[in-house]
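There are 4 protein chains.
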Amino acid sequence: MDATPAFRYRRQVQFAETDMAGIVHFSVHFRYMEEAEHALWRAAGLVIATPGETTGWPRVAAAFDYKAPLRFGDEFDVEVRIGVVTRRTLQYIFRIHAGSRTIGRGTVTTAFVSKPHGQPMKALDLPRETVARLQAAVEAAART
Amino acid sequence: MDATPAFRYRRQVQFAETDMAGIVHFSVHFRYMEEAEHALWRAAGLVIATPGETTGWPRVAAAFDYKAPLRFGDEFDVEVRIGVVTRRTLQYIFRIHAGSRTIGRGTVTTAFVSKPHGQPMKALDLPRETVARLQAAVEAAART
Amino acid sequence: MDATPAFRYRRQVQFAETDMAGIVHFSVHFRYMEEAEHALWRAAGLVIATPGETTGWPRVAAAFDYKAPLRFGDEFDVEVRIGVVTRRTLQYIFRIHAGSRTIGRGTVTTAFVSKPHGQPMKALDLPRETVARLQAAVEAAART
Amino acid sequence: MDATPAFRYRRQVQFAETDMAGIVHFSVHFRYMEEAEHALWRAAGLVIATPGETTGWPRVAAAFDYKAPLRFGDEFDVEVRIGVVTRRTLQYIFRIHAGSRTIGRGTVTTAFVSKPHGQPMKALDLPRETVARLQAAVEAAART
Chain A
1 MDATPAFRYR RQVQFAETDM AGIVHFSVHF RYMEEAEHAL WRAAGLVIAT PGETTGWPRV
61 AAAFDYKAPL RFGDEFDVEV RIGVVTRRTL QYIFRIHAGS RTIGRGTVTT AFVSKPHGQP
121 MKALDLPRET VARLQAAVEA AART
Chain B
1 MDATPAFRYR RQVQFAETDM AGIVHFSVHF RYMEEAEHAL WRAAGLVIAT PGETTGWPRV
61 AAAFDYKAPL RFGDEFDVEV RIGVVTRRTL QYIFRIHAGS RTIGRGTVTT AFVSKPHGQP
121 MKALDLPRET VARLQAAVEA AART
Chain C
1 MDATPAFRYR RQVQFAETDM AGIVHFSVHF RYMEEAEHAL WRAAGLVIAT PGETTGWPRV
61 AAAFDYKAPL RFGDEFDVEV RIGVVTRRTL QYIFRIHAGS RTIGRGTVTT AFVSKPHGQP
121 MKALDLPRET VARLQAAVEA AART
Chain D
1 MDATPAFRYR RQVQFAETDM AGIVHFSVHF RYMEEAEHAL WRAAGLVIAT PGETTGWPRV
61 AAAFDYKAPL RFGDEFDVEV RIGVVTRRTL QYIFRIHAGS RTIGRGTVTT AFVSKPHGQP
121 MKALDLPRET VARLQAAVEA AART
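Here it is in structure tokens:
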């Protein structure tokens, strides 16, 4: 998997992200994955959320396997790849590593929905253009 | 100050709220104050925020003085009092204590604004009825 | 699965847990699962973490499938069950629901490690007594 | 105040930092101030926290005045200045701005303590060398 192209997002562990065990709290890795996803969107010239909009990209699944802890001040990279794309779901595949040390691997699967004010969310087909631009941005990043 | 009536909100420290120093991160106390404020709103039969609304209660100032640390599992109370009320701002005064141990004291000052979609916020006069109900809820809580 | 005994943890969505999409941020569900796990530990008369200790329970995997969003003020229950237990890993299975509405299902798998100061973590066999007490607490909760 | 030298820390608002009002939650500004403080420590060649250490820099006071909201994707700068320094407390003064728009101003006051394992914190005199290096780093940054 890691031989395929990836978009890379660099980050440093902040103090408030640690817990009393001295390591980054396990819920924070999900924020790191999302930050990397959004950096990919920006690289693709896209914005994933704007105030007051009536569509959105809610998550339908998220998972992470932890291989090594992150500590305050650690610099790490989040690699983003596009995984399985169906008519209505888009999966991102992530690998976090700090230098040669693998921190872990995860996935986040999103849907695309309409959410008129005061109404429940309703799943829509993914906008193809958006998916194509995200895939192009991953490939462009991998070439640099 | 602490002899005046107060509304009380009870809470226990969660693991994710601690940091690598082994104590609750200092930014979390601001969340505790807000949770107590919102519990007061509920006690007053009010809801401070609803989806899609075009008014809101943004904060204009917040402060906390830390006297003693909170640790994982600590049970504590947040006392809420109504402080200075002006035409356009409402101040809450908080004291956090774990049993007889004072954790600290803080204040949060809010404004009331209109925020039509896509427009900047605009300060409004506070709704008097809301302020009166919050004050009544503090006094009612203090009697129980 | 849901017919087996479960421990229940009740919670209300706090304002700071929402995001600009108007729903609870997807990373927060992992905090909810952990809070429920720790409530189970307390119900079992156990404490999962103490300051300065040289053992710990780091997570090796975490996952959540989202079925419906949580919003500010929603009251919900986190059901905890003990899943697969191996010599060195303990899996919890969670279901979050708000009344009859299923919010989602997740799992968290933990290991037990020694972590002498300044040394890397080292996996240990799970303490059997701890696992037995957690299982007993789930069953005791299910009877009430 | 703003004419004196300042250290600058640049940051972009992340999605998880917003709340259902569509703006950065008011508790997050305290994390932004701390991140800027820690960036200053790194610029000074210092590390504010290491695992297992028996001294620390707990906060004794924190405050922020909010002038304008931050939204998802906003790029902003946190200016850090050294404020009042006493024998036992060090105050940082912060200004957050997004381009020409002032987001707000705040202060964080820290103490220096010993915290032997299992013992309460005890205030110590500030290490002069540390304070001098932080002040030098602010001035060096202001010249670049």
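Chains as they are written, first to last, in my numbering: chain A, 1 to 144; chain B, 1 to 144; chain C, 1 to 144; chain D, 1 to 144.
Using N, Cα and C, we set each Cβ at its ideal position, and we do this for glycine too.
On a predicted model such as this, the values are computed, not experimentally measured, just so you know.
(Q) If contacts are defined as beta-carbon pairs under 8 angstroms, then ASP77/B and HIS97/B qualify, I think. What distance do you get, rounded to the angstrom? (A) Yes, ASP77/B and HIS97/B are in contact; Cβ-Cβ is about 6 angstroms, under 8 angstroms.
**Q.** LEU70/D (DSSP reduced to helix, strand or coil)
**A.** It is coil, neither helix nor strand.
Q | Buried or exposed (CB count within 10 angstroms, at least 16 for buried), GLY104/B | A | Sixteen is the threshold: when 16 or more other Cβ atoms of the shown chains lie within 10 Å of the Cβ of GLY104/B, as they do, the residue is buried.
Q: Would you mind working out which of ARG59/A, THR89/A and VAL47/A sits nearest HIS25/C, comparing C-alpha positions?
A: Closest by C-alpha distance to HIS25/C, out of ARG59/A, THR89/A and VAL47/A, is ARG59/A.
Q | Anticipated Cβ contact below 8 angstroms, GLY22/A with MET20/B, distance rounded | A | The Cβ separation is near 5 angstroms, so the contact holds.
Q. Exposed or buried, what is THR156/B when buried is set at 16 or more other beta-carbons lying within 10 Å of its beta-carbon?
A. Since the first residue of chain B shown is 1 and the last is 144, residue 156/B is not available in this structure.
Q | According to DSSP, residues forming a beta bridge with ILE145/D | A | Lying outside 1 to 144, the shown extent of chain D, residue 145/D is not represented and no answer is given.
Q. Taking Cβ positions, are ALA142/C and LEU40/C nearer each other than 9 angstroms?
A. No.
Q) Looking at the structure shown, is GLN135/D part of a helix, part of a strand, or coil, going by DSSP? A) Helix.
**Q.** Meets three-Cβ-pair contact criterion under 8 angstroms: the region 111-124 of chain D and the region 50-58 of chain D
**A.** Segments in contact, yes.
Q: Run through the region 9-71 of chain C for me and flag every whole alpha helix (DSSP H) of 4 or more residues, listed as ranges in chain order.
A: Segments of the alpha helix (DSSP H) lying fully in the region 9-71 of chain C: 28-43.
Q) What's the C-alpha gap between THR86/D and GLN119/C? A) Spanning the two alpha carbons is a distance of roughly 37 angstroms.
**Q.** Where PRO116/A falls, given that 16 or more other Cβ within 10 Å makes a residue buried
**A.** By the neighbour-count rule (16 or more Cβ atoms within 10 Å), PRO116/A is not buried but exposed.
(Q) What would DSSP say about ALA141/D, mapped onto helix, strand or coil? (A) If DSSP states are grouped into helix, strand and coil, ALA141/D belongs with the helices.
Q. In the DSSP assignment, what residue or residues form a beta bridge with ALA123/A?
A. Note: ALA123/A sits in a beta bridge opposite VAL113/A.
Q: Taking GLY73/B as the reference, give the member of SER27/C, ARG101/C, LYS122/C and LEU46/C with the closest Cα.
A: The candidate whose alpha carbon is nearest that of GLY73/B is LEU46/C.
Q. Per DSSP, GLY104/D forms a beta bridge with which residues?
A. Looking at the DSSP assignment, GLY104/D forms a beta bridge with TYR66/D and ILE96/D.
Q.
What does the alpha-carbon distance come out to for the pair LYS122/D and PHE15/B?
A. Those two C-alpha atoms are separated by around 24 angstroms.
**Q.** Own chain, CB closer than 8 angstroms to PRO127/C, minus 5 neighbours either side, in chain order
**A.** Once the five neighbours on either side are set aside, the close Cβ partners of PRO127/C are PHE112.
Q: Check distances from the C-beta atoms of the region 41-56 of chain A to those of chain D and list, in chain order, the residues that come in under 9 angstroms.
A: Taking 9 angstroms as the Cβ-Cβ cut-off, the region 41-56 of chain A approaches chain D at ARG42, VAL47, ILE48, ALA49, THR50, PRO51 and GLY52, given in chain order.
(Q) Closest to THR130/A by C-alpha separation, out of ALA6/A, ALA43/A and HIS29/A, would be which residue? (A) Comparing alpha-carbon positions, the option among ALA6/A, ALA43/A and HIS29/A lying closest to THR130/A turns out to be ALA43/A.
**Q.** Nearest-angstrom Cα separation, counted from GLN91/C out to GLU37/C
**A.** Each residue's Cα considered, the two are about 11 angstroms apart.
Q. Which partner residues does GLY75/D have in the DSSP bridge list?
A. Looking at the sequence shown, residue 75/D is not Gly but Glu. According to the DSSP secondary-structure assignment, GLU75/D is paired through a beta bridge with GLN12/D.
Q. In chain C, what lies closer than 7 angstroms to GLY22/B by C-beta?
A. Residues of chain C passing the Cβ test: PRO51.
**Q.** Status (buried if at least 16 other CB within 10 Å, exposed otherwise) for GLU203/A
**A.** Because chain A in this structure spans residues 1 to 144, residue 203/A falls outside the shown range and cannot be described.
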